[in-house]
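Read through the structure below, which is laid out as C-alpha cells, and then see the notes.
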Ligand code: 13P
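Numbering (the numbering used here), first residue to last: 1 to 250.
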C-alpha cells in the first residue's frame, strides 16, 4: 500500500546544463511505473530540471529550504518560492545538520513550512557511528522523528516521507546491512506512530539512504518496511540511478 519512492540527491554536483542532461537521460529511459521517482538537483538547477521532466511522471525536489516565507535571509530559498517549480523538498539532511548547524528545532520549523506550502517533505534522520557503537541509535532516531514532528498533527503530516540515513553510511561505501536498515526503519515507524498515530505511520513511506548502489539496492529495498531509497553518489549516473529505481519493485 506504500508506493516505493526512489529519490536522487545530487548534492552540490552538476551545473545547470549538466543537470538538465542528467534529467533528460533519466526520463528518456524506461522507468518502473510503480515507483515514484524524484530528482533533487542543486537549487540553481531546480527550475531547468523541472522543465526538462515536464510531461513525465518524474518529480523534482529541492535539497533544502528556509523556514520563513520571505525575508532578509541572504542566499536562502523559501517554500513559497519552490511551489509551482518543485513538489518535494529534503529537510534535515545530516550534512545540513552537521555542516550548517541545523538543529532539531530548525528541522521542525522547516518541516512545518514545507507542509504549509503543500510540498512533500523528505525528512532525514540517522545516527552517527559513535552513537551506534554506544548503543544509542534507536534513541537518536526516535528523538529526531519526535522533534521533527513536534506540534504537527496527522492530517497536516500526510504527505511526509522519512529517510533513514545513518551518517556513517553516507558517501562512505559502507552500507547498512539490510537487517540494520530494516530494524532502524522499524524504530522510525514506531516513533512516527507515537508522534502521530498508527494508521498514519503505516501509510508513511520511509526510505533508506547511505551508499545505495545498483549492487546493494535490491536486497535493501526488499526488506519489510523499506519503502525506497534516497540515493547520493549513484544518482549522478543515469544508468545506476535507473537500475536502483528498478530494484524497488519486488
Ligand atoms: P550516498 O548515496 O552518496 O552515500 O549519499 C546518501 C545521501 O546522503 C542521500 O541523501
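For every residue, glycine included, the Cβ atom is placed at its ideal position computed from N, Cα and C.
The structure presented is a predicted model; accordingly, all values stated were derived computationally and were not measured.
Cut-off 7 Å between Cβ atoms - residues of its own chain near residue i, not counting five sequence neighbours on either side
i, result
"residue 160", "121, 123 and 204"
"residue 137", "127, 131 and 184"
"residue 96", "64 and 102"
DSSP beta-bridge partners of residue i
i, result
"residue 59", "38"
"residue 85", "Residue 85 pairs with nothing; no bridge assigned."
"residue 93", "None; residue 93 has no bridge partner."
"residue 66", "78"
Helix, strand or coil at residue i according to DSSP, with G and I counted as helix
i, result
"residue 146", "helix"
"residue 7", "strand"
"residue 141", "helix"
"residue 27", "helix"
"residue 160", "coil"
"residue 213", "coil"
"residue 71", "coil"
"residue 185", "helix"
"residue 221", "helix"
"residue 14", "coil"
"residue 104", "helix"
"residue 196", "coil"
"residue 238", "helix"
"residue 153", "coil"
"residue 32", "coil"
"residue 190", "helix"
Element boundaries [beta strand (DSSP E), containing residue i]
i, result
"residue 230", "228-231"
"residue 206", "205-209"
Delimiting residues of the alpha helix (DSSP H) encompassing residue i
i, result
"residue 119", "Note, residue 119: premise wrong, no alpha helix (DSSP H); not H, not E."
"residue 248", "No alpha helix (DSSP H) holds residue 248; DSSP gives it neither H nor E."
"residue 47", "43-52"
"residue 132", "129-133"
Chain-order list of residues whose beta-carbon lies under 6 Å from that of residue i (same chain, five-residue window excluded)
i, result
"residue 86", "46, 60, 61 and 62"
"residue 109", "67"
"residue 150", "108"
"residue 156", "115"
Own chain residues within Cβ distance below 8 Å of residue i, not counting five before or after
i, result
"residue 216", "175"
"residue 238", "22, 25, 26 and 29"
"residue 147", "104, 105, 107 and 108"
Next item on the list: Indicate whether the contact test is met: 3 or more Cβ pairs, each with one atom in the region 213-233 and one in the region 1-8, closer than 8 Å.
Entry: yes
Check: Are there three or more Cβ pairs, one per stretch, closer than 8 Å when the region 166-175 is compared with the region 102-116?
Finding: no
Note to self: Under 8 Å, with one C-beta from each stretch per pair, do the region 189-200 and the region 226-237 reach the 3-pair mark?
What the structure shows: no
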